[in-house]
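Order-wise, the sequence lines are chains S and X.
Counted from 1, the first sequence has number 242 at position 242 by this note's numbering; the numbering is strictly sequential.
In this note's numbering, each number is its position in the second sequence, counted from 1, plus 362.
Yeah, the Cβ is synthetic: ideal placement off N, Cα and C, and Gly gets one too.
This report refers to the structure that appears directly beneath it.
Protein chains: 2
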Amino acid sequence: MKADRIYNFNAGPAALPLPVLEEIQESFLNFAGSGMSVTEISHRSKWFDDVINDAVTRVKRILQLDDRFHVLFVQGGASMQFCMVPMNLLGAGDSADYVNTGTWSTKAIKEAEIQGKSIHVVASSEDRNFAYIPKEIAFTPDAVYAHITSNNTIKGTQWAQFPDTGGAPIVSDMSSDIFSRPLDMDKFGLIYAGAQKNMGPAGVCLVIIRDDLLARTPGDIPTMLRYSTYANKNSMFNTPPCFAIYTVQLVLKWLEETIGGLGKMEELNRKKAGLLYDFIDQSDFYRATADKDSRSLMNVTFRLPSEELEAALVAAALKNGMGGLKGHRSVGGCRASIYNPTPLAAVESLVDFMKTFERDNG
Amino acid sequence: MKADRIYNFNAGPAALPLPVLEEIQESFLNFAGSGMSVTEISHRSKWFDDVINDAVTRVKRILQLDDRFHVLFVQGGASMQFCMVPMNLLGAGDSADYVNTGTWSTKAIKEAEIQGKSIHVVASSEDRNFAYIPKEIAFTPDAVYAHITSNNTIKGTQWAQFPDTGGAPIVSDMSSDIFSRPLDMDKFGLIYAGAQKNMGPAGVCLVIIRDDLLARTPGDIPTMLRYSTYANKNSMFNTPPCFAIYTVQLVLKWLEETIGGLGKMEELNRKKAGLLYDFIDQSDFYRATADKDSRSLMNVTFRLPSEELEAALVAAALKNGMGGLKGHRSVGGCRASIYNPTPLAAVESLVDFMKTFERDNG
Numbered sequence: 001m002k003a004d005r006i007y008n009f010n011a012g013p014a015a016l017p018l019p020v021l022e023e024i025q026e027s028f029l030n031f032a033g034s035g036m037s038v039t040e041i042s043h044r045s046k047w048f049d050d051v052i053n054d055a056v057t058r059v060k061r062i063l064q065l066d067d068r069f070h071v072l073f074v075q076g077g078a079s080m081q082f083c084m085v086p087m088n089l090l091g092a093g094d095s096a097d098y099v100n101t102g103t104w105s106t107k108a109i110k111e112a113e114i115q116g117k118s119i120h121v122v123a124s125s126e127d128r129n130f131a132y133i134p135k136e137i138a139f140t141p142d143a144v145y146a147h148i149t150s151n152n153t154i155k156g157t158q159w160a161q162f163p164d165t166g167g168a169p170i171v172s173d174m175s176s177d178i179f180s181r182p183l184d185m186d187k188f189g190l191i192y193a194g195a196q197k198n199m200g201p202a203g204v205c206l207v208i209i210r211d212d213l214l215a216r217t218p219g220d221i222p223t224m225l226r227y228s229t230y231a232n233k234n235s236m237f238n239t240p241p242c243f244a245i246y247t248v249q250l251v252l253k254w255l256e257e258t259i260g261g262l263g264k265m266e267e268l269n270r271k272k273a274g275l276l277y278d279f280i281d282q283s284d285f286y287r288a289t290a291d292k293d294s295r296s297l298m299n300v301t302f303r304l305p306s307e308e309l310e311a312a313l314v315a316a317a318l319k320n321g322m323g324g325l326k327g328h329r330s331v332g333g334c335r336a337s338i339y340n341p342t343p344l345a346a347v348e349s350l351v352d353f354m355k356t357f358e359r360d361n362g
Numbered sequence: 363m364k365a366d367r368i369y370n371f372n373a374g375p376a377a378l379p380l381p382v383l384e385e386i387q388e389s390f391l392n393f394a395g396s397g398m399s400v401t402e403i404s405h406r407s408k409w410f411d412d413v414i415n416d417a418v419t420r421v422k423r424i425l426q427l428d429d430r431f432h433v434l435f436v437q438g439g440a441s442m443q444f445c446m447v448p449m450n451l452l453g454a455g456d457s458a459d460y461v462n463t464g465t466w467s468t469k470a471i472k473e474a475e476i477q478g479k480s481i482h483v484v485a486s487s488e489d490r491n492f493a494y495i496p497k498e499i500a501f502t503p504d505a506v507y508a509h510i511t512s513n514n515t516i517k518g519t520q521w522a523q524f525p526d527t528g529g530a531p532i533v534s535d536m537s538s539d540i541f542s543r544p545l546d547m548d549k550f551g552l553i554y555a556g557a558q559k560n561m562g563p564a565g566v567c568l569v570i571i572r573d574d575l576l577a578r579t580p581g582d583i584p585t586m587l588r589y590s591t592y593a594n595k596n597s598m599f600n601t602p603p604c605f606a607i608y609t610v611q612l613v614l615k616w617l618e619e620t621i622g623g624l625g626k627m628e629e630l631n632r633k634k635a636g637l638l639y640d641f642i643d644q645s646d647f648y649r650a651t652a653d654k655d656s657r658s659l660m661n662v663t664f665r666l667p668s669e670e671l672e673a674a675l676v677a678a679a680l681k682n683g684m685g686g687l688k689g690h691r692s693v694g695g696c697r698a699s700i701y702n703p704t705p706l707a708a709v710e711s712l713v714d715f716m717k718t719f720e721r722d723n724g
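Given below as structure tokens:
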């Protein structure tokens with residue numbers, strides 16, 4: 001850790017790889033010899049073409065996408081996708097399945113319903129406060145898609161395997177675990193992910209969409225809400241969020257060249273999460289909130305014996321150079337978000353700190 | 363000019379004030395003592411609250427907005443506003459006026475029509491390739507709003523005064539001249555402006571909306587497309603584009619504290635544009651394309667005797683440290699975009715260069 005930097009366990013916006021931040025800083029007044037900041041170059045310039053094309057190429061290579069898939073950069077975050085997915089994919093007479101695993105799934109369901117789309121909530125873990133991922137789900141055979149939230153930041157759950165839908169392509173909100181592990185893309189029709197957890201700053205949302213779903217885009221909805229607008233113009237129908245896309249490009253480069261790709265990334269993520277969960281499991285002071293088989297490798301949610309102790313831990317951690325450990329305001333408790341960029345050393349420091357805190361307060 | 367920087371005449375994304383870029387660079391690894399980059403801090407933190415609240419306060423102070431006006435930050439650029447304006451403001455039986463002054467107005471009109479909204483194009487300058495701003499327009503007395511594009515980047519025209527609509531509030535796309543001059547806000551119901559010309563990087567759009575128009579927001583459109591969603595949550599219903607808003611905040615601070623506010627800014631803008639137009643007008647080699655009374659203070663469009671000479675000028679200028687002088691691909695010619703951040707010295711250098719180029723090629 002650099003002397004004046006903290007270990008950042010925020011849920012999003014979240015930590016970015018330090019070498020990425022350093023590269024941005026270094027070239028901030030003169031990007032790639034242009035004599036301009038990356039925030040000042042035209043999106044119609046060769047400099048930005050290189051940025052966005054490299055970002056798209058890396059997404060395709062990292063996820064081993066075949067030619068059926070299009071890589072788009074859209075504004076508005078995952079929240080805009082909650083509305084764009086049903087608006088683009090569900091016509092009259094169509095319906096889709098949704099699985100409700102918490103706050104973000106609930107919002108996605110709501111935005112489909114606002115538009116009067118036909119959807120079926122085929123499973124929910126609301127009965128136990130979303131502490132688990134539902135199993136043995138009866139998906140609808142002729143659904144246009146089956147929507148899931150692959151990782152749930154607030155409740156600290158994650159789909160360990162992706163479900164067999166019986167045919168419908170999965171549409172997944174992967175905002176908080178995109179690029180954290182290899183994916184079998186044969187299961188997916190559309191993936192969307194706000195950048196600000198695993199791959200960049202807030203302000204851009206990655207959308208990966210398969211040809212057959214892209215072909216559903218209606219021609220009579222507003223231009224900026226159509227997936228085809230982005231697919232036809234390499235995400236540059238209008239000025240894209242250049243700085244955010246540039247940062248994503250650098251994070252993907254780091255993922256490929258420094259980490260070594262998704263296999264290595266998953267290995268490291270399992271090691272980080274394992275360290276933290278193993279420590280919590282052997283303790284009587286800390287208690288993990290999610291079911292063991294549904295635990296997130298990205299967001300480790302846990303409680304202490306009292307809310308006072310939880311507040312004390314968050315404050316003491318910050319004094320020790322570890323920030324962002326407060327649970328989401330809707331559930332309380334503690335949460336360590338350990339996305340791709342969070343180094344192993346940060347988790348080791350956190351476990352050491354938690355040991356000391358337990359000794360002093362347990 | 364710093365040794366390795368160029369003078370940037372790009373139409374957008376465009377030049378930013380050098381002191382702003384330097385401040386971002388300086389604090390990029392540790393923002394405001396947080397131990398995190400500004401791209402890593404939570405949007406729910408006191409650090410970001412300070413950023414967005416200061417940005418909103420500065421917008422209100424600079425434009426002298428009274429309590430009727432709300433200041434919002436929305437993603438998707440002005441192109442998203444082309445659809446959000448009619449979607450939010452026009453209900454069944456309502457209609458609006460539009461004035462067509464070029465590419466951007468045409469797109470705004472198209473997005474209203476796609477939604478089946480009732481609009482009237484009450485004036486257009488298409489008859490002379492949009493080289494002027496229409497005068498003596500018969501606005502519709504009971505229109506919900508009258509839409510104009512205050513500055514037209516491609517054709518180099520600008521509304522010198524805002525029209526008397528007979529009552530309907532003006533809705534203006536001010537993407538390319540927001541904060542370039544004082545405004546009589548009594549005329550306006552809604553102003554929107556993509557940041558990437560006069561106030562920041564691409565990735566955020568400023569929306570200023572008056573209470574009575576905000577009250578028209580329907581409850582049955584998707585949450586992210588409703589102005590009320592942004593107004594009710596200080597633009598943080600979901601994660602906002604933090605870095606872009608932060609940069610806007612710094613540019614507004616520069617506008618107030620270094621330039622001295624809108625009066626001084628307009629004075630400087632008139633001086634810069636005057637220098638360039640006066641030089642072009644006395645030359646037989648260069649020819650300004652917009653009518654004199656409709657000329658933009660932001661985008662100076664001009665032609666040379668041949669397309670070959672135009673291409674030669676753009677190339678020679680770049681060799682002399684001046685970039686972005688090529689006209690928009692849809693019209694050709696040359697264009698010097700001289701937004702707020704462009705220093706007087708840049709325009710002086712450009713005029714000197716153009717003199718030499720005329721001497722050598724005229």
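Residues, ordered as in the chain, of the segment 595-611 of chain X that lie near chain S by beta-carbon distance below 8 Å: Within the segment 595-611 of chain X, the residues whose Cβ lies closer than 8 Å to some Cβ of chain S are F599, N600, T601, P602, P603, C604, F605, A606 and T609, listed in chain order.
Could you give the residue range of the alpha helix (DSSP H) that holds S/D54? Here residue 54 of chain S refers to the residue found at position 54 when the first sequence is read from its first residue. Unbroken alpha helix (DSSP H) run through S/D54: K46 to I62.
With which residues is X/Y511 paired in a DSSP beta bridge? Looking up residue 511 of chain X in the second sequence gives position 149. Note that residue 511 of chain X corresponds to Thr in the displayed sequence, not to Tyr. As DSSP reads the structure, X/T511 sits in a beta bridge with X/D535.
Could you round the C-beta distance between X/T601 and S/P13 to whole angstroms and report it? I think they count as a contact, below 8 Å. Sequence index remark: in the second sequence, residue 601 of chain X carries index 239 (1-based). Sequence index remark: in the first sequence, residue 13 of chain S carries index 13 (1-based). The pair is a contact, with the Cβ atoms about 7 Å apart (cut-off 8 Å).
Closer than 8 Å at the beta carbon, the chain S residues around X/C445: Locating residue 445 of chain X in the second sequence gives position 83, where the first residue counts as 1. Against X/C445, the close residues of chain S are P222, T223, M224 and L225, in the order they occur along the chain (beta-carbon pairs closer than 8 Å).
Are the beta-carbon atoms belonging to X/S597 and X/L434 less than 7 Å from one another? Locating residue 597 of chain X in the second sequence gives position 235, where the first residue counts as 1. Locating residue 434 of chain X in the second sequence gives position 72, where the first residue counts as 1. Yes, Cβ-Cβ distance for X/S597 and X/L434 is below 7 Å.
Whose C-alpha, out of S/A168, S/A290, S/P222 and S/V248, is nearest the C-alpha of S/P201? Taking the first sequence and counting its residues from 1, one reaches residue 201 of chain S at position 201. If we check each option's Cα against that of S/P201, S/V248 comes out closest.
Measure the beta-carbon distance from S/Y227 to S/G189 and round it to whole angstroms, keeping in mind my assumption that it falls under 8 Å. Your numbering for residue 227 of chain S matches position 227 in the first sequence. Your numbering for residue 189 of chain S matches position 189 in the first sequence. With a Cβ gap of about 12 Å, S/Y227 and S/G189 do not count as contacting.
Pull up the distance between the alpha-carbon of S/T157 and that of X/Q477, whole angstroms please. Residue 157 of chain S sits at position 157 when you count from the first residue of the first sequence. Residue 477 of chain X sits at position 115 when you count from the first residue of the second sequence. The straight-line gap from Cα to Cα measures roughly 40 Å.
Excluding the 5 residues preceding and the 5 following X/V382 in the sequence, name in chain order all residues of the same chain whose CB lies nearer than 6 Å to its CB. Stepping through the second sequence from its first residue, residue 382 of chain X is reached at position 20. Closer than 6 Å at Cβ, skipping near neighbours: L612, V613 and W616.
For S/S406, count the other beta carbons within 10 Å of its own beta carbon; 16 or more makes it buried, fewer makes it exposed. Which is it? Because chain S here runs from 1 to 362, residue 406 of chain S falls outside it and cannot be looked at.
Are the beta-carbon atoms belonging to S/N151 and S/Y339 less than 7 Å from one another? Here the question's residue 151 of chain S lines up with position 151 in the first sequence. Here the question's residue 339 of chain S lines up with position 339 in the first sequence. Not closer than 7 Å, so no.
Chain S contacts made by the segment 392-412 of chain X, where a contact means CB separation under 7 Å: If you check each beta-carbon in the segment 392-412 of chain X against every beta-carbon of chain S, the ones closer than 7 Å belong to N392, G397, M398, S399, T401, E402, I403, S404 and H405.
X/L434 (DSSP reduced to helix, strand or coil): Residue mapping note: residue 434 of chain X aligns to position 72 of the second sequence, counting from 1. In this structure, DSSP gives X/L434 an extended state, which the three-state scheme calls strand.
Counting Cβ pairs, one atom from each stretch, are 3 or more of them under 8 Å apart for the segment 465-482 of chain X and the segment 439-450 of chain X? Touching, per the Cβ criterion.
In the segment 304-337 of chain S, which residues sit with their C-beta less than 8 Å from some C-beta in chain X, listed in chain order? Listed by position along the chain: G321, G323, G324 and R329.
According to DSSP, what are the bridge partners of S/G194? The sequence position of residue 194 of chain S within the first sequence is 194, counting from 1. Note: S/G194 sits in a beta bridge opposite S/C205.
Proximity winner among S/E40, S/S27, S/A11 and S/Q25, relative to X/G565 (alpha-carbon distances): Along the second sequence, one-based indexing puts residue 565 of chain X at 203. For X/G565, the nearest C-alpha among the options comes from S/E40.
Please report how far the alpha carbon of S/R329 lies from the alpha carbon of S/F353, in whole angstroms. Counted from its first residue, the first sequence places residue 329 of chain S at position 329. Counted from its first residue, the first sequence places residue 353 of chain S at position 353. In a straight line, the C-alpha of S/R329 is about 23 Å away from that of S/F353.
Closer than 7 Å, CB to CB, is S/A15 near chain X or not? Position 15 of the first sequence, counted from the first residue, corresponds to residue 15 of chain S. S/A15 belongs to the set of residues whose beta carbon lies under 7 Å from a beta carbon in chain X.
Considering only their Cβ atoms, is the gap separating X/K517 from X/I532 smaller than 7 Å? Taking the second sequence and counting its residues from 1, the one referred to as residue 532 of chain X is at position 170. Taking the second sequence and counting its residues from 1, the one referred to as residue 517 of chain X is at position 155. Contact: no.
So is S/S306 buried or exposed if we call it buried at 16+ other beta carbons inside 10 Å? By 1-based counting over the first sequence, the position of residue 306 of chain S is 306. When all chains shown are included, S/S306 counts as exposed.
Within this structure, are the beta carbons of X/V662 and X/A606 separated by less than 7 Å? As a first step, residue 662 of chain X is located in the second sequence; it is residue number 300 there, counting from the start. As a first step, residue 606 of chain X is located in the second sequence; it is residue number 244 there, counting from the start. Against a cut-off of 7 Å, the Cβ pair of X/A606 and X/V662 comes out as no contact.
If the cut is a Cβ gap below 7 Å, which residues of chain X does S/S95 touch? If you number the first sequence from 1, residue 95 of chain S lands on position 95. Those do not exist, as S/S95 stays about 18 Å from chain X at its closest Cβ, beyond 7 Å.
Extent of the continuous alpha helix (DSSP H) to which S/T106 belongs: In the first sequence, counting from the first residue as 1, residue 106 of chain S sits at position 106. Per DSSP, the unbroken alpha helix (DSSP H) holding S/T106 starts and ends at T103 to I114.
Quick check: the segment 449-465 of chain X against the segment 492-502 of chain X, are there 3 or more CB pairs under 8 Å? Verdict: yes, contact present.
Please classify S/V331: does DSSP put it in a helix, a strand, or coil? Reading the first sequence from its first residue, position 331 is the one you call residue 331 of chain S. For S/V331, the three-state secondary structure derived from DSSP is coil.
How many whole angstroms separate the CB atoms of S/Y192 and S/A11, which I take to be in contact at a CB cut-off of 8 Å? Here residue 192 of chain S refers to the residue found at position 192 when the first sequence is read from its first residue. Here residue 11 of chain S refers to the residue found at position 11 when the first sequence is read from its first residue. Incorrect: roughly 18 Å between the Cβ atoms, too far for contact.
For a cutoff of 7 Å on Cβ pairs, would you count X/R578 as touching chain S? Counting from one through the second sequence, the residue named residue 578 of chain X turns up at place 216. No, X/R578 does not count as interfacial toward chain S.
Find out if the Cβ-Cβ distance for the pair S/G219, S/C205 is shorter than 7 Å. Within the first sequence, the letter at position 219 stands for residue 219 of chain S. Within the first sequence, the letter at position 205 stands for residue 205 of chain S. At the C-beta level, S/G219 and S/C205 stay beyond 7 Å of one another.
Along the chain, where does the beta strand (DSSP E) that runs through X/R490 open and close? As a working note, residue 490 of chain X is residue 128 in the second sequence. Here X/R490 belongs to no beta strand (DSSP E), and DSSP marks it neither H nor E.
For S/Q158, name the three-state secondary structure that DSSP assigns. Position 158 of the first sequence, counted from the first residue, corresponds to residue 158 of chain S. Correct three-state label for S/Q158: strand.
Three-state class that DSSP yields for X/K479 in the structure shown: Counting from one through the second sequence, the residue named residue 479 of chain X turns up at place 117. Correct three-state label for X/K479: coil.
Presumed contact (8 Å Cβ cut-off) between S/G333 and S/T289, rounded CB distance: The residue given as residue 333 of chain S occupies position 333 in the first sequence. The residue given as residue 289 of chain S occupies position 289 in the first sequence. The Cβ separation is near 7 Å, so the contact holds.
Can you name the start and end residues of the beta strand (DSSP E) that S/T301 belongs to? Within the first sequence, numbered from 1, the residue matching residue 301 of chain S stands at position 301. Residues N299 to R303.
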